[in-house]
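Everything below concerns the one structure shown next.
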Amino acid sequence: MMELGKALESSGRNFIWAVRPPIGFDINSDFRSEEWLPEGFEEKTSGRGLLVEKWAPQVEILSHRATGGFLTHCGWNSVLESLSFGVPMIGWAMAGEQFFNVKFLEEELGVCVEAARGKTCEVSSETIRSKIEMVMDGEGEKGIEIRRKASEVKEMMRKAMCDSDAGGKGSSLKSLDEFFMAAKKSMTATAERSSDEPVVG
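Our numbering puts the sequence shown at residues 30 to 230.
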């Protein structure tokens, strides 16, 4: 957590940080900037950084046009929210499927760059800052590609969920319709079988 704070401080970037208690602290702990953050962090980032305790309105933040990147644990809900707004990600998987997600996002979709892995990994502020700069500036070939692909995936998701006035539906809506049709057919068949069975009385 200290290294992340140092990276944000040295990056000179505007940021919103939803600060949760680090490993070793109760998840319900009160915010302790003097223990969790680099010395003078709040003063040094005043005017360009916003610290939010425990929870932040993630969808609202990701949907804002000023949001240029998202450092995330790569839980699937966060991934879908980020991609639906075309926001490229910096991955820091912590548990479970997040490790698979970050690998898929970086190696297959190309919309993420992994900064660290696991709850207790050693990562330097320089490493984190370089990932922030790559994603935010679109620096180098990989940075440009990440931003382009995030935008492409956003458009693919939009098309998959669209319901046009002309009657055309995206693949997600078509699949949902097919699911409901199959469920209705199954329920109707079950009801018909039940009505044909003799009643014992």
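We put the CB at the ideal spot given by N, CA and C, even for glycine. These numbers come from a predicted model, not from an experiment.
Check	Outcome
Contact the stretch 149–167 vs the stretch 108–125: 3+ CB pairs below 8 Å	yes
Buried versus exposed, by CB contacts within 10 Å (16 or more), residue 111	buried
Where residue 212 falls, given that 16 or more other Cβ within 10 Å makes a residue buried	exposed
Enclosing alpha helix (DSSP H) for residue 110 [first to last residue]	105–113
Close beta carbons around residue 140, own chain, < 7 Å, minus the five adjacent residues each side	112, 117, 118, 134, 175, 178, 179, 182
Residue 141 - partner residues in DSSP beta bridges	118
Three-state class that DSSP yields for residue 76 in the structure shown	coil
Straight-line Cα distance separating residue 127 from residue 102	6 Å
Beta-carbon proximity check, residue 80 vs residue 46, cutoff 8 Å	yes
Length at least 4, wholly inside the stretch 152–178: the alpha helix (DSSP H) runs in chain order	154–166
Buried or exposed by the 16-neighbour rule on C-beta atoms within 10 Å, applied to residue 38	buried
Where residue 66 falls, given that 16 or more other Cβ within 10 Å makes a residue buried	buried
Limits of the beta strand (DSSP E) - the one that residue 2 falls within	The structure shown does not extend to residue 2, since the chain is modelled only from 30 to 230, so the question has no answer here.
Host alpha helix (DSSP H) of residue 37 (start-end)	31–40
Beta-carbon contacts of residue 165 that lie in its chain and below 7 Å, excluding the five residues immediately before and after	42, 97, 98
Environment of residue 219 [buried if 16+ CB atoms lie within 10 Å]	exposed
Start and end residues, beta strand (DSSP E) containing residue 99	99–101
Span of the beta strand (DSSP E) around residue 44	44–48
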